[in-house]
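Here UniProt numbering is used: the first residue of the sequence shown is 1, the next is one more, and so on.
Beta carbons are placed, not taken as given, at the ideal position from N, Cα and C, and that holds for glycine.
Being a predicted model, the structure only gives us computed values, none of them experimental.
First up is the structure itself, then whatever we jot down about it.
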Amino acid sequence: MTLSNGSSFYVNYNSFRISDEWSGYVIVSDGDFRSNWDCIVSTCPLNMTHNSCSCTNLCTDPIGQTDCYTACIETCVPEGCFVTETNSFIMAGESFINSECTQNCTCVDNNLSCNNDYECSPDATCTVKDEVRKCYCNEGSEGDGETCIRTSFSDCYDALQAGRTTDGVYTIMPTNWPGSPFEVFCNMSFGDGGWTVFQRRTDSVTDFYRSWAEYKQGFGILNQGNDFWLGNEQLHYLTDQKDYILRVDFVDSGDLAFYEEYRTFKIGNESTKYQLSYGTYSEGTTGYSYLFYNNGGQFSTLDQDNDGCNFHDCAEGHKGGWWYKPPSIVCVECYYSYPYCYGFQTRSNCHNICTGTNLNGDYNGGNGQNIFYGNDNGGICNHKFAEMKIRPSSP
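See below:
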């Protein structure tokens, strides 16, 4: 017999006999033998291979019996590393992670070198993929499993909690949102941060007198200096996942800044015509809850009149998209004879109003079609700046 390393050996038996066919051709005698193999044939110990014998591969049988024999036990050397948990071997340079993902072991010089500090990131899961167990970052995060960087959040406050503190555009994925992640502008510097901005008015460049479809999907440019409307569909899923505070900030024509805050702000789905609702007016500097007249109102646009008033198309009269909900007292053919800045003209010496707020009106619009918030004459019309944003009520 010749081994893979070129060595050969022989065995001679002096009395070799085979039985007949009836007996099955079995060996019945072999007598004494002579051989140049002067060592006792032994099995290679567990997780060892031969360095000078015929067995050149790793012993894959955990018992160490299969295809692993040598003439001299001292010639067996370790190769690869045995893993007790899986009752198997890994080769040099390969790694093994235990079932709890608390230990990462690597086969180095035929010995397992283990790191007991291995730990999954809070945004990762210990699981098996493609037959490899390790920490894998969850959807919406990227990294090696031990360290995962969030790339998608449920809202801007969620991004803030993940360590994002810079104002700017972030990608979010609200709970139950059926589409792909979408971008929002996050104000991380105002107050305690984490505000998701869904409306901003700063100039006349962006037209807000738009269709139902445009208000549904959103329009404008999301950044610090531009005007935009996030989108009614996005706003619904955002406010449906938890309770939010709505904050309205605006600067009037006299450069005076005001704000109002409302709790439990929510926008219904499209079947409700994106109905506006809120729980309570919590604070502000306007002296009154002007959004009160819009609470429970359905959204109207240039091509959908959902204001509930048969005398007027409020979106057309105020030239915007908004939650117009005129009370019965003003849902008449003619309410004012005097041209107040917040009332739109219906005919000669006849003006009307559908709302106490119109933040999506024409930036440079005339009476009733401009941006206003409130219903007292003076600086409440032709606002220079307006912004609407939300933040969780109970972070």
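Integer-rounded CB distance, given that Val169 should sit under 8 Å from Phe190: Contact flag wrong, Cβ pair sits at about 16 Å.
Inter-residue CB distance, Pro326 and Asp307 (contact presumed, cutoff 8 Å): 6 Å
Where Tyr136 sits in the DSSP three-state scheme: strand
Under the three-state DSSP convention, the category Thr286 falls into: coil
Of the residues Thr286, Gly145 and Glu270, the one placed nearest Val128, counting alpha carbons only: Gly145
6 Å Cβ shell around Thr264 - same chain, five flanking residues per side excluded: Asp243, Tyr278 and Gly279
Runs of alpha helix (DSSP H) wholly within the stretch 102-178 (minimum 4 residues, chain order): 156-161
Beta-carbon gap between Cys355 and Tyr324 smaller than 8 Å: As written in the sequence, residue 355 is Thr, which differs from the Cys given in the question. Closer than 8 Å, so yes.
Inter-residue spacing [alpha-carbon to alpha-carbon] between Gly80 and Pro122: 33 Å
Where the beta strand (DSSP E) containing Lys266 begins and where it ends: Ala257 to Ile267
Residue 399 - DSSP class collapsed to helix/strand/coil: Nothing can be reported for residue 399: it is not among the residues displayed for the chain, which extend from 1 to 395.
Three-state secondary structure assigned by DSSP to Asn358: strand
Separation of Asp240 from Gly366, as counted between CA atoms: 36 Å
For Ala92, the nearest candidate out of Met173, Glu85 and Asn110 (CA to CA): Asn110
Beta carbon of Ile187 nearer than 8 Å to that of Trp177: For clarity, residue 187 is Asn in the given sequence; the question names Ile instead. Their beta carbons are not under 8 Å apart, which means Asn187 does not touch Trp177 by this criterion.
Whole-number beta carbon distance between Tyr215 and Arg301, since they are thought to touch under 8 Å: Note on identity: in this sequence residue 301 is Thr, with Arg being the wrong assignment. About 5 Å; that satisfies the 8 Å criterion.
Assumed close pair Arg391, Tyr157 - CB separation to whole angstroms, cut-off 8 Å: 6 Å
Cβ-based neighbour list, Cys331, same chain, cut-off 7 Å, excluding 5 preceding and 5 following: Cys309 and Phe311
Three-state class that DSSP yields for Cys334 in the structure shown: coil
Pick from Ser253, Gln234, Tyr259 and Gly254 that is closest to Leu246, judged by C-alpha positions: Tyr259
Residue burial classification, Thr357 (beta-carbon count within 10 angstroms, cutoff 16): buried
Reduced DSSP category for Thr86 - H, G, I as helix; E, B as strand; rest coil: coil
Neighbour-count burial assignment, Tyr25, 16 or more Cβ in a 10 Å radius: exposed
Cys381 to Ala162 span [Cα, whole Å]: 40 Å
Cβ neighbour criterion (16 or more within 10 Å) applied to Ala386: buried
Integer Cβ distance of His383 from Val197, believed to fall under 8 Å: Going by Cβ atoms, the distance from His383 to Val197 rounds to 16 Å, so no, they are not a contact pair.
Cα-Cα separation, Asp67 to Phe89: Reliability of the predicted coordinates at Asp67 is poor, the pLDDT of 42 falling under 50, and the value obtained from them is presented with this limitation in mind. Those two C-alpha atoms are separated by around 16 Å.
Endpoints, beta strand (DSSP E) assigned at Asp249: Tyr244 to Val251
Supposed close pair Leu112, Cys120 - CB separation, criterion 8 Å: Going by Cβ atoms, the distance from Leu112 to Cys120 rounds to 21 Å, so no, they are not a contact pair.
Contact belief for Gly140 with Ile149 at Cβ below 8 Å, rounded distance in angstroms: Incorrect: roughly 10 Å between the Cβ atoms, too far for contact.
Whole-angstrom distance between Val248 and Phe219, CA atom to CA atom: 19 Å
8 Å contact criterion, which His318 and Gln234 should meet: CB distance rounded: That belief does not hold up - the Cβ atoms of His318 and Gln234 are roughly 23 Å apart, past 8 Å.
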